[in-house]
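The next block holds one structure in the form of structure tokens; read it before the comments.
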Amino acid sequence: MIQGEIDAMGEWENGMNSRIFGAALLGLSLVAAPVFADPAKVAIHVDEESIQTMNMALNNAANIAKHYESLGQEVAIEIVTYGPGLHMLREDTSPVADRIEVMALELDNITFSACLNTVEAMTQKERKDVPLVSEAEVVPSGAVRLMELQADGYAYLRP
């Protein structure tokens, strides 16, 4: 090989290495970007008529919201109640109704789900309508709702 061919080959290799490095960086950025694009999601399960469990669920929700807010990231929080846990969302029996009202006003990323199966069972047993707090959203089945949320990528938390 003559000197000109050697110099041209070296320039070609340097240019090729730069292109490979650039492509690798681009590939990494495309892989890493979606990790931060989607909001974090958590489903909190309440099936006990326990003020401690209800307060723990609300504390968990508040702490999770505060954590992700400090990172500048979005988070979706859904508290799903059924069975005896439905008392958390009952207007007439909830020991945490005031906290729920305040949290719903302060956090636009929180949902409170009430199981229709449980509402109907309680209505039948008590022979009267079961009033829910205004923040409650009725879902057909609390257990199925938890399954759907987990299938949608929600983390599961049971206080």
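The sequence shown begins at 17 in this note's numbering and counts up by one. Just so it is clear, CB atoms sit at the ideal spot from N, CA and C, and this is done for glycine as well.
query = With DSSP run on the structure shown, which of helix, strand or coil describes V149?
reply = The three-state secondary structure of V149, taken from DSSP, is coil.
As assigned by DSSP and simplified to three states, the class of K141 = Residue state, collapsed to three classes: helix.
message = Please report the straight-line C-alpha distance between A92 and E142, rounded to a whole angstrom.
response = Here the alpha carbons of E142 and A92 stand approximately 34 Å from one another.
request  = Give me the Cα-Cα distance between A81 and H103, rounded to the nearest whole angstrom.
outcome  = Each residue's Cα considered, the two are about 23 Å apart.
query = With V112 and V135 assumed to form a contact (beta carbons below 8 Å), what rounded beta-carbon distance in angstroms separates them?
reply = With 8 Å as the limit, V112 and V135 do not qualify as a contact, their Cβ atoms being about 18 Å apart.
ask   = Taking the alpha-carbon positions, what's the Y172 to Q166 distance?
value = Going from the Cα of Y172 to the Cα of Q166 covers about 7 Å.
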